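So the structure is just underneath, and the comments pick up after that.
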Amino acid sequence: MKKYININDVDNLDLIVQEALAIKKAPFSNNKLGTNKVLGMLFFNPSLRTRLSTQKAAINLGMDVMVINFKSDSWTLEFADGTIMNAGKSEHIKEAAQVISQYCDIIAIRAFALLESKEQDYAEEVLSGFEKYASVPIVNMESATAHPLQGLTDTITIKEYSKNPKPKVVLTWAPHLKPLPHAVSNSFINYASEVDCDFVLSCPEGYELDAALDRSITIMHNQEKAFEDADFVYAKSWASNIDYGKLTETDKDWQVTAKKMGLTNNGKFMHCLPVRRNVVVEDEVLDSEHSIVIQQANNRTYAAQVVLKRILENLE
Ligand code: CP
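Numbering (the UniProt record's numbering), first residue to last: 1 to 316.
Encoded structure:
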């Protein structure tokens, strides 16, 4: 593996999931692979799981880790070419990416969507800027449109907890206080559709994501109908796709409740976290034996570790 930007960097999803599950059983078996190698983690947005699980994965592989929070600790970056930098931005991505590449063997980046313009978000300015000017492999720790470490984690978790050779998996939109990016849902769609499962996207009209439309995923606007006989229910909120970046639907009836989970096939409840209790999902679901959100978060380490391992194995 030369980089990890999105699912296109995974040549065989089944094999990488199997390798991650083997790493979970023996997490220190490659603890010399990263000796004298440095992972640089660049954050343009907050994180709990991604930061700590990726750092833990790197430590398990024997790497050293450096972390910088761009919003509080560093210069503001300019990404456009040919700009006269006489306003607020202090440093150009051209210098920053080349400089960081001299300090780090792998660079991992988190930079969320701004949700101001679909064109701008889907251009992935920050991630693409680092890809263009860095001379070391780049790992996506959630960009404007993709969260592939989460997508891989979710696939590992479904593999681990599925009792059915072809489970029914439902990704459902859920209510929220503010519009959220498409990244997690896009990646879940991209990864789940590569797995042998009966996959359904359940969302209000106007929230059908391009990732689902492009892959001809079954889309149901009736959430309760979608939940029938589901083995996994994955809840997530995201901004409208038609009215991009806006939250036009606030119907509390989309909340995941114990009553709705009762329609499933004893289904497991998944969420990437953080989750707003009693907005996205009822306490009764989150605190039940059907919720696997904590186990899912644990798998973040093994998803990150298999990715870093494969990149380390390919470093020149
Ligand atoms: N799921 C996830 O990426 O969590 P954090 O935002 O806490 O990293």
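Glycine is no exception: its CB is placed at the ideal position from the N, C-alpha and C atoms. Keep in mind it's a predicted model, so treat the numbers as computed, not measured.
| query | result |
| --- | --- |
| Buried or exposed, going by whether 16 or more other CB atoms sit within 10 Å of the CB of Thr50? | buried |
| Sort out for me which residues DSSP pairs Asp196 with in a bridge. | Paired residue(s): none; Asp196 is not in a bridge. |
| Measuring alpha carbon to alpha carbon, tell me which residue in Ile107, Tyr122, Ile106 is nearest Ala113. | Tyr122 |
| Hey, could you find the ends of the alpha helix (DSSP H) Tyr122 is sitting in? | 118-122 |
| Which residues in the same chain as Pro181 place their Cβ atom closer than 6 Å to its Cβ, once the five residues preceding and following it in sequence are excluded? | Phe112, Ala113 |
| Using 8 Å as the threshold, is the C-beta distance between Val169 and Ala146 below it? | no |
| If you check the beta carbons only, do Leu273 and Glu228 fall under 8 Å apart? | no |
| Identify whether Asp73 lies in helix, strand or coil by the three-state DSSP scheme. | helix |
| Are there 16 or more other CB atoms within 10 angstroms of the CB of Pro46, so buried, or fewer, so exposed? | exposed |
| What are the partner residues of Ile84, as DSSP defines its beta bridges? | According to DSSP, which records beta bridges pairwise, Ile84 is partnered with nothing at all. |
| Per DSSP, what kind of secondary structure is Glu249 in: helix, strand or coil? | coil |
| Please name the residue or residues paired with Tyr302 in a DSSP beta bridge. | Per DSSP, none; premise fails for Tyr302. |
| Would Phe70 pass as a contact of Phe44 if the rule is Cβ separation under 8 Å? | yes |
| What's the gap between the Cα of Asn241 and the Cα of Ala97? | 32 Å |
| Kindly indicate the opening and closing residues of the beta strand (DSSP E) around Asn236. | As written in the sequence, residue 236 is Lys, which differs from the Asn given in the question. 232-236 is the extent of the beta strand (DSSP E) around Lys236. |
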